[in-house]
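Chains Z and C, in that order, are what the protein sequence lines are. Going by our numbering, the first residue of the first sequence is number 516, and it counts up by one from there. Going by our numbering, the first residue of the second sequence is number 21, and it counts up by one from there. One structure below.
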Amino acid sequence: MPKYEHDGRIYEVDEDGFLQEPDLWNETVARDFAASEDVPEMTDAHWVVVNYLRNYYLQFGIAPMVRKVVKETGFKLTQIYELFPSGPAKGACKVAGLPKPTGCV
Amino acid sequence: MPEDQPKPTPLLDELETGPWPSFVTEIKRAAENNPASADLLGLLERSYQDRKGHWKHGGIVGVRGYGSGVIGRYNDIPDEFPNVAQFHTLRVNHPSGWFYTSDALRTLADIWERHGSGLTNLHGATGDIILLGARTDQLEATFQDLTAAGFDLGGSGSAMRTPSCCVGQARCEWACFDTMKFCNNLTQAYQDEMHRPPFPYKFKVKASGCPNDCVAAIARADLSIIGIWKDDIRQDDAAVAEYAAAGLDIARDVCARCPGQCMEWTGAHLTIDNRDCKRCMHCINVMPKALRPGVERGAAILIGAKAPIVQGALLSSVLVPFVPEAEIEATVRELLARIWEFWDEYGKNRERIGELIQRVGMAAFLDGIGLEPRPEMVAFPRDNPFVFFQKEDTK
């Protein structure tokens, strides 16, 4: 099982670097994973996206569709990519501690 | 792990025995210089032995600023095949009509030998240049080199996929509009939709210059733009007579095979009742010197095809029977805006537009995008005795 380490804290992750146990998530975990996704600092705007994803996941057990993220957070999709350069699925979901979204090619 | 002798691959070797070029032969050649290709052969041989694929499903990798263009690939026995533990695919946007200079191809090949396995697939089903086999730590560097050479990544995931088109007017006299220009303009216009997936699922746009449909848009594109003419087939009687003199059985091989049954050959003269012509191209394909598409040219726009992945296959339905050449691009862009709005609002996760139309009904879809129903949208418009009226129409 691959590991991800930041500031001495070690997490079990999958091969794409997603947290293996979503229950372990907290704000410190989010900041640690942000460092792996080209997010140098978690601003209020970052937290809006991350908290939305987190709450949706806790309520429904899956990641929301992109359109919902855009609608509910009020950010345009391009703004979300400015916040999370690797995008909502890879970047923001990873920081929010969600399991890897099941996508397709 | 140094390998002096390649491992035996008896099952894969079978695939080299037929009369056709074999991808196994090509991968073996690549394996002489590249350990990833050697492991790829080993992994595939193992898949044949075990009768199961050893690629894991999914994987999320990418480059900065893009949510598509790279498809993550990992194998499930990485300890045995470490050189293909990460074997990601890059989709690279192809030029309209797949025209390259040899210099461009060499540049691509050089970039890919520097950063990846060197294996390519020209071209994938979307039309993109497919680069097979990158490690995660090479993705960003590959992307930088590609963009420096003038290339960009294509679409993947729930995005607008890289638009593709037939060679059109560059090589083909039958093309009823400039497919290459259309394809390029569309690609430039929808960079956001291609690189940053915004939709419920994939969306493919393909353009063919005539109903021969060389990119098979009608069977697989969510939106197909197919060149067509509105007036009569142009006919050269002297050339028709030449075909007959050369032994072509016009009655049997042309008229009898016309799906509109609109052609008659008297033995000396060919007549076409163009009102019943279905624009199938058969007669033109058989007698290209004698018959040509008309001069009032444009395109038909169709919607909703897909190959079977989540659900079964669908063929396209007509959305706009004819749009003049000069108005094709503006019409398509207006339609795309309305279609995407509807799909985004009502589409379920991983539901193609054709499946959504099946679920809600074509009438509701047309109403949603503000188009009037027309007889051309129905396969057999004169055959159905049942007429459904909306409530407000009956007052």
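Backbone N, C-alpha and C define an ideal beta-carbon position, used for all residues, glycine too. Only a predicted model underlies this, so the values are computations on that prediction, with no experimental measurement involved.
Starting from the beta carbon of residue i, find every residue of chain Z whose beta carbon is closer than 9 angstroms, and list them in chain order.
i	result
residue 218(C)	581, 582, 585 and 592
residue 212(C)	592 and 593
residue 38(C)	Result: empty, since nearest Cβ-Cβ is about 28 angstroms, beyond 9 angstroms.
residue 73(C)	Within 9 angstroms Cβ-Cβ: nothing; residue 73(C) doesn't reach chain Z, min ~14 angstroms.
residue 89(C)	Here the premise fails: no neighbours, minimum Cβ distance about 11 angstroms.
Check whether the Cβ atoms of residue i and residue j sit closer than 8 angstroms, and answer yes or no.
i	j	result
residue 373(C)	residue 389(C)	no
residue 361(C)	residue 220(C)	no
residue 495(Z)	residue 565(Z)	Shown here, chain Z extends from 516 to 620; a query on residue 495(Z) therefore has no answer.
residue 297(C)	residue 253(C)	yes
residue 170(C)	residue 154(C)	no
residue 139(C)	residue 88(C)	no
residue 517(Z)	residue 614(Z)	no
residue 382(C)	residue 337(C)	yes
residue 174(C)	residue 232(C)	no
residue 300(C)	residue 274(C)	no
residue 63(C)	residue 74(C)	yes
residue 192(C)	residue 203(C)	no
residue 600(Z)	residue 85(C)	yes
residue 35(C)	residue 47(C)	no
residue 317(C)	residue 249(C)	yes
residue 159(C)	residue 81(C)	yes
residue 341(C)	residue 325(C)	no
residue 568(Z)	residue 579(Z)	yes
residue 396(C)	residue 205(C)	no
residue 386(C)	residue 323(C)	no
Here's the rule: buried if 16 or more other CB atoms are within 10 angstroms of the residue's CB, otherwise exposed. What is residue i?
i	result
residue 281(C)	exposed
residue 453(C)	This structure cannot speak to residue 453(C), because chain C is shown only from 21 to 415.
residue 610(Z)	buried
residue 606(Z)	buried
residue 570(Z)	exposed
residue 44(C)	buried
residue 121(C)	exposed
residue 21(C)	The pLDDT assigned to residue 21(C) is 46, lower than 50, so where the model puts this residue is not dependable; a value taken from the coordinates is nonetheless given after this. Exposed, because fewer than 16 other Cβ atoms sit within 10 Å of the Cβ of residue 21(C).
residue 356(C)	buried
residue 256(C)	exposed
residue 40(C)	exposed
residue 575(Z)	exposed
residue 17(C)	Residue 17(C) lies beyond the residue range present for chain C, which begins at 21 and ends at 415; the question has no answer from this structure.
residue 612(Z)	buried
residue 286(C)	exposed
residue 29(C)	buried
residue 585(Z)	buried
residue 26(C)	exposed
So with CB distances below 9 angstroms, who are the chain C contacts of residue i?
i	result
residue 615(Z)	78, 79 and 80
residue 559(Z)	Within chain C, no residue comes near residue 559(Z); the closest Cβ sits about 22 angstroms away, beyond 9 angstroms.
residue 519(Z)	None at all; the shortest Cβ gap to chain C is about 13 angstroms.
residue 571(Z)	Going along chain C, no residue has its Cβ under 9 angstroms from residue 571(Z), so there is no contact; the nearest lies around 13 angstroms.
residue 526(Z)	Ordered by position in chain C, no residue passes the 9 angstroms Cβ test against residue 526(Z), which lies about 17 angstroms from the chain.
Mind pulling the chain Z residues with CB within less than 8 angstroms of residue i?
i	result
residue 84(C)	553, 600 and 601
residue 94(C)	530
residue 369(C)	580
Quick one: which chain C residues come within Cβ less than 7 angstroms of residue i?
i	result
residue 605(Z)	80 and 82
residue 567(Z)	Going along chain C, no residue has its Cβ under 7 angstroms from residue 567(Z), so there is no contact; the nearest lies around 17 angstroms.
At a CB-CB cut-off below 7 angstroms, which residues of chain Z make contact with residue i?
i	result
residue 364(C)	582
residue 388(C)	In chain order: nothing, as chain Z lies at least about 16 angstroms away.
Taking only heavy atoms of the ligand PLP into account, decide whether any of them is closer than 7 angstroms to the Cβ of residue i.
i	result
residue 28(C)	Ligands in the displayed structure: none, and consequently the ligand PLP is not present.
Would you call the region 178-189 of chain C and the region 202-218 of chain C touching, i.e. three or more CB-CB distances under 8 angstroms? The count of Cβ pairs closer than 8 angstroms, one atom from the region 178-189 of chain C and one from the region 202-218 of chain C, reaches three, so the stretches are in contact.
Would you call the region 80-93 of chain C and the region 103-118 of chain C touching, i.e. three or more CB-CB distances under 8 angstroms? Three or more beta-carbon pairs drawn from the region 80-93 of chain C and the region 103-118 of chain C are found closer than 8 angstroms, and the two stretches are therefore classed as touching.
Does the region 195-207 of chain C touch the region 225-238 of chain C, meaning 3 or more C-beta pairs lie closer than 8 angstroms? Yes: at least three Cβ pairs fall under 8 angstroms.
Residues of the region 302-319 of chain C whose Cβ lies closer than 7 angstroms to any Cβ of chain B, in chain order: Going by chain labels, chain B is absent from the structure shown, which instead holds the protein chains Z and C.
Say whether the region 305-315 of chain C touches the region 325-336 of chain C, bearing in mind that this needs 3 or more beta-carbon pairs closer than 8 angstroms, one atom from each stretch. The answer is no - the region 325-336 of chain C does not touch the region 305-315 of chain C, with fewer than three Cβ pairs under 8 angstroms.
Runs of alpha helix (DSSP H) wholly within the region 183-235 of chain C (minimum 4 residues, chain order): If only complete runs of 4 or more residues are kept, the region 183-235 of chain C shows the alpha helix (DSSP H) at 199-209 and 211-215, in order along the chain.
Start-end ranges of the alpha helix (DSSP H) lying completely within the region 238-285 of chain C, minimum 4 residues: List check, alpha helix (DSSP H) in window: 257-265.
Along the chain, which unbroken stretches of the alpha helix (DSSP H) at least 4 residues long are found entirely within the region 586-618 of chain Z? Fully contained in the region 586-618 of chain Z are the following alpha helix (DSSP H) runs of length 4 or more, in chain order: 592-598.
Give the list of continuous beta strand (DSSP E) stretches no shorter than 3 residues that lie fully inside the region 285-329 of chain C. Segments of the beta strand (DSSP E) lying fully in the region 285-329 of chain C: 290-292 and 317-323.
Inside the region 100-149 of chain C only - beta strand (DSSP E) runs reaching at least 3 residues: The region 100-149 of chain C contains these whole beta strand (DSSP E) runs: 108-112 and 136-142.
Unbroken stretches of the beta strand (DSSP E), 3 residues or longer, contained in the region 518-585 of chain Z: Correct list: 518-521 and 524-527.
Counting only runs of 3+ residues fully inside the region 333-394 of chain C, write out the beta strand (DSSP E) ranges in chain order. The qualifying runs are 337-344.
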